[in-house]
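In this text, residue positions in the sequence shown follow the working numbering: the first is 228, and each later residue adds one.
Idealized CB from N, CA, C, for every residue including glycine.
These notes concern the structure reproduced below.
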Amino acid sequence: MKNKKWIGVLGIIGILLNILPFGAFTSVSADSVIQDGGTFYQDVPEAANSPLGAAQYFHIFANDVTLRTHTNGNIAAKNFNGGNANFGTNGYLDKEYFYLDNVQSINGNSGITGEDHNKLVVGASVSVDISNPNRPKINDTNMDHLTASQIYQDQGINQYINFTEEMERLSNASQKITSATPDLTFSASDFPDRNNRVIDVSSINKSAVFITLSADVLQTGTPLNIAGLEKGYDCSEVKSVFITVDTEGQDVYNSNSQINLSYTDGSERHNHEATDFSDSTILWNFTSMGTPYNGTVTIQSPWQGSILAPKATIDGSGVNIDGSIIADKFLGAGETHRWDWHGCFHSEEVGSVLLTKTDAKDQTKVLAGAEFSLYNSDGKLIKDGLTTDENGQLSYENLAIGNYYFVETKAPAGYQLDASEHHFEIKAGETAKPVGVTVTNEADKEEVGSVLLTKTDAKDQTKVLAGAEFSLYNSDGKLIKDGLTTDENGQLSYENLAIGNYYFVETKAPAGYQLDASEHHFEIKSGETAKPVGVTVTNEADKEEGSNLPKTGMKSESSLLVIGALLLIMGLASIWIRNRNKA
């Protein structure tokens, strides 16, 4: 009886095992629990401050993504159809994030092999089977390069990325770029040589350069080269280039131009897989008459540069595309290569500065060719090599509210370097006009000399004469200074005379002396300016009335002769009278 009871119990257990899932009677291991994906901004918090938000960290970011061939990059898609192509960035060493909210199909070779290299998050409605942690399944497709630890899922109503919010943010960014005042504007007619079409931004000294193209520029079937691009990861130090393409209301816009890029270091870039994104500083913004474009962009030639088209469809048409692809719908292409754009533009209030360089002694004289570096209040270099133009000016835009300063690094030709800090402030509410900064330069110090004139008596040169006045002229007869007067030592001096020839002319003689109106020349010689040049000028004393001694002597002798003659006559007369009386 006991055995029959045990047989009955075992039979019931067997029936239950056949009816109920095996897992109901087994413990659930940690590896079999699908992890909560959280949110992208928890994984990459810096994305919150990125101009393009989460989209800036994905190769393809779109509501609907269809892949046609190998996609060398990561993807965020609301609706994903990727059964025909694998995805994942070859050689990328950092963790790579993927988000597929709804999955129609997926290629099992997707993802890059590596422990903790991937984080793939799928939506709550996607079927995930991680019972084999080394070969999990997504919608019954075995994922060959992913493990259970790399697959996450939205839990409940939580979403890793809210596409509605992100697309609104991206549309606002597109509108902001469209609304910026363009630095350059082009139509097809601006390129008379169709085979040599270049847009060069190297001479524009701004952190963000805005360019507008009419529809016919990219519809021309010859390459377009964007030149003067810069490299670097810090967008505050590297020029970001925004090119707005106006499709002009066309329902389907065909881009036929191959895009070539060249950089200030002399290098050129062509389509290739990359993990160095330092040269990805160009963003193409597709619009239609001032608003984000909502038609279809068909790219028919190899393309470089990230694409911002949050309301449009991007059709790669079988060609290679390098850069981030941000769209409403992406219909695949030839190979696409992750090449994250990392430029920046400012959504906050920003201002600008205008520096003017002038001569220190004549501020109406502007100086070209002075070079400056611009720093923020923390001493961090923002931009160097800023050079004043023919108007003596340089400008810099897109400066956030705060304090800054310029330092001159190269003086204009013929002037001394001013290495001091020239501070200015960008103030909130006062950004409509640029802040003005004026910097002056002293001219280079020329070799100069001096002169020492000594005035003496012509007959006794130990006798110095005060009170003589002179005028000083250069060799061209131009008056330099008048009213120069000899002192009690009979001297006058004049300094800061450039190398050359000069002369003095006496304009007033010392008291009791005759004026000497002749020119008294001297020369200031190069290399001989340590001591003053000596000039000696003598004066004759005034002529006194009756002071001619020889004439005075003659008058005395004549007088004596007259007196003697009179006395002789008187004596002879006296003798004649006596003789007459005797007779």
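Nonlocal neighbours in the same chain, by C-beta distance under 7 Å from residue i, ignoring five residues either side
i: Gly455; result: Asp427, Val428, Ser429 and Thr491
i: Leu699; result: Ile707, Lys708, Leu711, Tyr721, Tyr729 and Phe731
i: Leu601; result: Ile609, Lys610, Leu613, Tyr623, Tyr631 and Phe633
i: Thr266; result: Tyr387
i: Gly619; result: Thr583, Lys584, Thr585, Val593, Leu594 and Ala595
i: Gly310; result: Ser332, Ile333 and Asn334
i: Tyr740; result: Leu692, Asn766, Glu767, Ala768 and Asp769
i: Thr763; result: Thr681 and Thr683
i: Asn590; result: The sequence as given places Gln at residue 590; Asn does not occur at that position. Hits under 7 Å: Thr667.
Residue i burial status per 10 Å Cβ neighbour count (16 or more: buried)
i: Ile802; result: exposed
i: Val348; result: buried
i: Lys607; result: exposed
i: Leu706; result: exposed
i: Tyr326; result: buried
i: Thr779; result: Because Thr779 carries a pLDDT of 44, less than 50, the predicted location of this residue cannot be relied on, and the following value inherits that uncertainty. By the 10 Å Cβ count, Thr779 comes out exposed.
i: Arg805; result: exposed
i: Arg565; result: buried
i: His569; result: buried
i: Ser507; result: buried
i: Asp473; result: buried
i: Glu562; result: buried
i: Glu816; result: Look at the range of the chain in this structure, 228 to 810, and you will see that residue 816 is not part of it.
i: Val666; result: buried
i: Ile453; result: buried
i: Met516; result: exposed
i: Glu746; result: exposed
i: Ala251; result: With a pLDDT of 35 at Ala251, under the threshold of 50, the modelled position of that residue is not reliable, and the figure given next carries that caveat. Under this definition Ala251 is an exposed residue.
i: His650; result: exposed
i: Ser434; result: buried
i: Pro419; result: exposed
i: Tyr460; result: exposed
i: Gly300; result: buried
Other residues of its chain near residue i: CB distance less than 8 Å, five sequence neighbours each side excluded
i: Ala415; result: Ser441, Asp443, Val444, Gln446 and Thr447
i: Pro777; result: Since pLDDT at Pro777 reaches only 45, below the 50 mark, its modelled position is unreliable, and the value read off the structure follows with that caveat. Excluding positions up to five away in sequence, the list is empty.
i: Ser354; result: Lys364, Ile365, Asn366 and Asp367
i: Ala257; result: Any reading at Ala257 must be qualified, since the residue scores a pLDDT of 42, below 50, and its modelled position is unreliable; no value is offered.
i: Lys402; result: Per the sequence presented here, residue 402 reads as Gln, with Lys not at that position. Contacts found: Thr518 and Pro519.
i: Gln643; result: Asn668, Glu669, Ala670, Asp671 and Lys672
i: Asp714; result: Ala693
i: Met781; result: Caution applies to Met781, whose pLDDT of 43 falls short of 50 and renders its modelled position unreliable; the model cannot decide the point.
Spatial neighbours of residue i in its chain, beta-carbon cut-off 6 Å, leaving aside the 5 residues before and after
i: Asp335; result: The residue you asked about is not Asp; residue 335 is Gly in the sequence shown. The residues are Thr368, Asn369, Met370 and Asp371.
i: Met797; result: none
i: Gly350; result: Asp328, Asn329 and Asp381
i: Asn308; result: Thr293, Gln331 and Ser332
i: Ile548; result: Trp530, Ala560 and Thr563
i: Ile431; result: Asp410
Segment limits, beta strand (DSSP E) that includes residue i
i: Asp709; result: Leu706 to Thr712
i: Ile552; result: Ile552 to Phe557
i: Lys538; result: Ser533 to Asp542
i: Gly727; result: Gly727 to Lys735
i: Val664; result: Val662 to Asn668
i: Asp427; result: Arg424 to Asp427
i: His499; result: That residue, His499, is in no beta strand (DSSP E); it is neither H nor E in DSSP.
i: Tyr379; result: Ile378 to Gln380
i: Asn603; result: Glu598 to Asn603
i: Tyr632; result: Gly629 to Lys637
i: Asn512; result: Ile509 to Ser515
i: Asp611; result: Leu608 to Thr614
i: Tyr700; result: Glu696 to Asn701
i: Leu373; result: It is not in any beta strand (DSSP E) - Leu373 carries neither H nor E in the DSSP assignment.
i: Phe651; result: Glu648 to Ile653
i: Phe749; result: Glu746 to Ile751
i: Asn766; result: Val760 to Asn766
Cβ distance (whole Å) where residue i is taken to contact residue j below 8 Å
i: Lys812; j: Glu392; result: No answer is possible for residue 812: the residues shown for the chain start at 228 and end at 810.
i: Asp328; j: Lys556; result: That belief does not hold up - the Cβ atoms of Asp328 and Lys556 are roughly 14 Å apart, past 8 Å.
i: Val675; j: Leu724; result: 6 Å
i: Pro737; j: Lys682; result: 7 Å
i: Pro529; j: Leu397; result: Not quite, the Cβ-Cβ distance comes to about 25 Å (not below 8 Å), so this is no contact.
i: Leu510; j: Ile486; result: The Cβ separation is near 12 Å, so there is no contact.
i: Ile261; j: Ile378; result: 7 Å
i: Gln527; j: Asn481; result: 6 Å
i: Asn512; j: Ile470; result: 7 Å
Where the alpha helix (DSSP H) through residue i begins and ends
i: Thr391; result: Phe390 to Ser406
Chain D contact for residue i (CB, 7 Å cutoff)
i: Leu411; result: In summary, chain D is missing from the structure at hand, where a single protein chain is found.
For the region 314-346, list the beta strand (DSSP E) runs that are entirely contained and at least 3 residues long, ordered along the chain.
If we require 3 residues or more, the beta strand (DSSP E) runs fully inside the region 314-346 come out as 323-333.
Inside the region 266-311 only - alpha helix (DSSP H) runs reaching at least 4 residues:
If only complete runs of 4 or more residues are kept, the region 266-311 shows the alpha helix (DSSP H) at 267-270, in order along the chain.
Q: Just list the alpha helix (DSSP H) runs in the region 433-486, keeping only unbroken ones of 4 residues or longer that don't cross its boundaries, in chain order.
A: 442-446, all fully within the region 433-486.
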